[in-house]
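All letters in the sequence shown, in the order written, are residues -8 to 212 by the numbering used here.
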Amino acid sequence: MPTPFDFMTLQRAADRLKVPTTDGDLPGIIAAASLALANWLGYDAHLRESVEETVPSEGGVYLWLASGAVRRVLSVTVGGTELDASNYHLESPTQGRLVRRTGGWPFTGTYSTGISSTALMSHDTGLITVRFDAGWRTPGQVAPVLEADPSSTLKSDLPAELEEAALITLAALYRPAGRDPNVIARTAGAGSVTWRSDPSVVPTLARQLAGRHYKHHRRKA
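Pasting the structure below:
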């Protein structure tokens, strides 16, 4: 069963590895390769709509979302009041960076005590909320729709270089059964395999292909 995170179809994976689509290890390794690449990119890459994220601010003109590949900003609310869309701009979709066109974003965090308080450390207080769409419609999100309705015209809009990077990662993960260092759990009775999905398994070539989608500025969600 495909997952929303899958950067490739079962058929594409089978063709690349030259194995049948009935190979029981394929679903797990597809998910692992896709998640490893997304982890390396620094954000969930599958299509997510109307995401709400509370965002910390250091008080400058920039606001950094934890998410990347932002498609559009639907609303920004500060202290319960929605800002007019003309007050801000999505300056970098990949980095999730918003810029305030007039003034700056209010500081959120800890202040010093005393008569004249000073901003000390920025953290998420829930004061600023951004609602947005992000990511791409992955092959894993399209597959169930096409299975239910073969006449559907729904297509994946995942960039070709990300699919290829995921396929390269898939090939790097794949090893003969029983000798793969990336297999961290195997249940014989159920035929279940758990693969590593950390970013260290992403090969150099895959990173080069996916480089322009990499999120450099990161923060904890």
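Beta carbons: idealized from backbone N, C-alpha and C, even for Gly. The model shown is predicted, which means the values in this text are computed figures rather than measured ones.
Taking every protein chain shown into account, the CB of P130 has 16 or more other CB atoms within 10 angstroms, so this residue is buried. Fully enclosed alpha helix (DSSP H) runs of no fewer than 4 residues occupy 151 to 164 of the segment 137 to 167, in order along the chain.
Nearest in C-alpha terms to G59, of all of G117, T(-6), V42, P18, is V42. DSSP lists V69 as the beta-bridge partner residues of I119. In this structure, A151 is the residue among G202, A151, Q199 with its C-alpha nearest to the C-alpha of R3. Exclusion of the five residues before and after D148 leaves W127, R128 as the residues of its chain whose Cβ lies within less than 6 Å of its Cβ. Counting along the chain, the unbroken alpha helix (DSSP H) around S25 starts and ends at 17 to 32.
DSSP places L54 inside the beta strand (DSSP E), whose first and last residues are 53 to 55. Contact between I119 and T45 holds, with the beta-carbon distance rounding to 7 Å and staying under 8 Å. Apart from sequence neighbours up to five positions away, the residues of its chain that approach P11 with a beta-carbon distance below 7 Å are A5, ordered along the chain. When the five nearest sequence neighbours on each side are left out, the beta carbons in the same chain lying within less than 7 Å of the beta carbon of F(-2) are those of S25, L28, T129, P130, L149, L153, E154, A157, in order along the chain. Counting other Cβ atoms within 10 Å of its Cβ, D140 stays below 16 and is therefore classed as exposed. The beta carbons of A125 and R39 sit about 5 Å from each other, so the pair counts as a contact at 8 Å.
Under the DSSP definition of a beta bridge, A125 partners with R39, V61.
Within 10 angstroms of the beta-carbon of L32 lie 16 or more other beta-carbons, which makes it buried. Between P97 and S48, the C-beta spacing is below 8 Å.
Going by DSSP, L8 is part of the alpha helix (DSSP H) stretching over 1 to 8.
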